[in-house]
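Going by numbering that gives the first Met the number 0, the first residue of the sequence shown is number 0, and it counts up by one from there.
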Amino acid sequence: MNVDKKFFSKVGFNYLIYGIASIIIQVIIINILGLLNSNLIYDFNSLTIISAICNYILPFPILIYLMGKIYSQTPEKNTLTVKRFIAYIAVTLTLMWAGNIIGLAITALISFITPFEVSNPVQSMINSSDIWLNLMLISIIGPIFEEIFFRKLLIDRTMKYGAKASILLSALLFGLFHGNLNQFFYAFLIGGFFAYVYIRTGKIKYTILLHIIVNLMGSVVSLFVVSGVEHITSGFVQPLDIVIVVLYIMIIFASFLIGIIKLSGFKNVRIAELPGKIILREPVKTIILNPGMILFIGFSIALMIRQIIA
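Here you go:
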C-alpha cells in the first residue's frame with residue numbers, strides 16, 4: 000500500500016474510532032442512567048442531551064488527538080462580503096431542500112418495496128424534544144462540533160491532495176456520520192458546500208454560521224411553521240401564524256431562486272490550491288478503496304441498515 004493510500008486509510012480509521020467511541024460512550028451512559036432512573040432513557044429531552052454528549056462533547060478529545068498526529072495546513076484566509084454570505088445561505092437552503100427531497104423519495108421507495116418503514120429518528124426527536132433544547136443542542140452545539148470535525152480537522156489535513164478531493168471526502172464522511180438514510184443526501188450536499196466555503200475562506204466561522212442557520216430552519220423555525228399551518232387549517236387563525244407561514248414561504252421562494260442562479264455558475268468557479276498539491280493517479284482507489292475508509296463506510300452503512308430494520 001503506497002504512502003497516499005496509507006494516509007487516507009489512517010483518516011478513515013480515525014473517524015471509525017471516533018464513531019465506535021461515540022456508541023460505546025452512549026451505551027455506558029444509557030446503562031448508568033437506566034440503573035439510576037429508567038424514565039430518563041425514554042424521555043426525548045434526555046435523549047437529545049445524551050445524543051449531544053455522546054456524539055460531540057465526550058469523543059471530542061479522542062478525534063482531536065488522533066487527527067492531531069497528522070500534519071495540517073489551513074487554506075488561505077479570505078473575508079466574505081455580506082452579499083456573498085447571504086447568497087451562500089440561499090445555496091445552503093437550496094441544497095438542503097433538494098437533498099431532503101431526494102432522501103424522502105428514496106426512503107419512500109424502500110418503504111414501498113420492502114416490509115420496512117424508514118423513519119427519520121432525528122426529526123422524531125426534534126418534534127418531541129423541548130424547543131429550547133433543539134435551539135441549544137441541535138442548532139448551536141451540533142454545528143460547532145460538526146464543522147470542527149468534518150471541515151477544520153479533515154480539510155486542513157487533506158487539502159494537500161487538492162480541493163476536489165477534500166470537498167468530496169468531507170461531504171461523504173459528513174453524510175455517513177449521520178447514520179441514517181433520511182439525512183445522508185442533504186448532509187452530503189451541504190457538507191460538500193460547507194467544505195467549499197471553508198476552502199475558499201479559510202475561516203471555519205462562516206461554515207459554522209451557515210450550519211447554524213440550516214439547523215435552525217429545520218429544528219426550530221419548522222416547528223413554528225407547522226404549528227402555524229395547523230392553526231390555519233383548523234380555523235384557529237392567529238395573525239402571527241399567518242405572518243410566520245407567509246414569511247417562511249417568501250424565504251423559501253427567494254432562497255431557491257438565488258440558490259439555483261448561484262449553483263448554475265459554480266462550474267466556472269476556480270479554487271486556489273495549496274502549494275505543492277499532490278496529484279493522485281487513481282483518486283477514487285487511493286481515497287476510498289483502502290482498509291480504513293472501507294471499514295468506516297461499512298460501519299456507517301451498518302448503522303443505516305440497523306436504523307431501517309429496527
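For each residue, glycine too, the CB sits at the ideal point set by N, CA and C. Since the structure is predicted, the reported quantities are computational estimates derived from the model, not experimental observations.
For residue j and residue i, believed in contact at Cβ under 8 Å, the rounded distance
i	j	result
Leu254	Thr93	First, the amino acid is wrong: residue 254 is Ser here, not Leu. That belief holds up - the Cβ atoms of Ser254 and Thr93 are roughly 6 Å apart, short of 8 Å.
Ile61	Leu132	That pair is no contact at about 25 Å.
Lys163	Ile277	About 12 Å; that fails the 8 Å criterion.
Ile198	Ile166	7 Å
Leu180	Ile307	7 Å
Gly201	Thr73	6 Å
Ser138	Asn214	5 Å
Phe59	Phe144	7 Å
Ile231	Val244	7 Å
Met303	Gly178	6 Å
Closest residue to residue i among the options (Cα-Cα distance)
i	options	result
Val224	Leu108, Leu209, Asn267 and Tyr247	Tyr247
Phe192	Glu145, Leu256, Ile257 and Thr91	Thr91
Ile259	Tyr17, Ala86 and Leu65	Ala86
Ala301	Leu152, Tyr195, Leu279 and Phe176	Phe176
Leu57	Asn179, Ile23 and Gln72	Ile23
Ser21	Ile307, Ser299 and Ile304	Ser299
Gly18	Leu188, Ile203 and Gly297	Gly297
Lys68	Asp155, Phe235 and Leu171	Asp155
Ile311	Gly161, Leu222, Ser37 and Ile63	This structure gives no information on residue 311, because the portion of the chain shown stretches from 0 to 309.
Lys151	Leu134, Thr106, Met135 and Tyr70	Tyr70
Ile270	Ile231, Val196 and Pro282	Val196
Gly275	Ile286, Gly161, Glu145 and Thr106	Gly161
Gln25	Ile52, Gly178, Leu172 and Met216	Ile52
Leu134	Met216, Phe149 and Leu65	Met216
Ile212	Met66, Ala107 and Gly141	Gly141
Ile64	Phe148, Lys4, Phe6 and Ile231	According to the sequence displayed, residue 64 carries Tyr and not Ile. Checking every option, the nearest Cα to that of Tyr64 belongs to Phe148.
Glu75	Ile203, Leu256, Ile287 and Leu294	Ile203
Asp42	Ile101, Thr78, Ser128 and Asn267	Ser128
Phe6	Leu34, Pro290 and Val117	Pro290
Ser312	Thr157, His230 and Asn36	Beyond the ends of the chain as shown, which are 0 and 309, falls residue 312; an answer cannot be given.
Ile100	Ile231, Ser37 and Leu188	Leu188
Leu136	Glu116, Thr78, Val81 and Asn54	Asn54
Ala282	Phe265, Asn267, Leu168 and Pro238	Reading off the sequence, residue 282 comes out as Pro, not Ala. The shortest C-alpha separation from Pro282 is found at Leu168.
Val2	Ile16, Ile293, Leu279 and Val236	Leu279
Leu256	Ala89, Ala107 and Thr285	Ala89
Residue span of the alpha helix (DSSP H) that contains residue i, given as start and end
i	result
Asn214	Ile203 to Leu215
His230	Ser221 to Ser233
Ser165	Ala162 to Phe176
Tyr14	Val2 to Leu35
Phe187	Leu180 to Thr200
Phe298	Pro290 to Ile308
Pro142	Gly141 to Glu146
Met95	Val81 to Ile112
Lys68	Unbroken run through Lys68: none, as it is neither H nor E.
Ile250	Pro238 to Ser263
Thr157	Leu152 to Thr157
Lys284	Pro282 to Ile286
Asn44	Phe43 to Ala51
Check: residue i C-beta below 8 Å from any heavy atom of the ligand COA
i	result
Ala164	Looking at this structure, you won't find the ligand COA or any other ligand, since it has none at all.
> Would you call the segment 202 to 211 and the segment 175 to 184 touching, i.e. three or more CB-CB distances under 8 Å?
Replying inline: no
> Hey, is the segment 2 to 16 in contact with the segment 85 to 102, meaning 3+ C-beta pairs nearer than 8 Å?
Replying inline: no
>> For the pair the segment 97 to 114 and the segment 28 to 38, tell me if three or more CB-CB distances fall below 8 Å.
In response: No, because fewer than three Cβ pairs between the segment 97 to 114 and the segment 28 to 38 fall closer than 8 Å, the two stretches do not touch.
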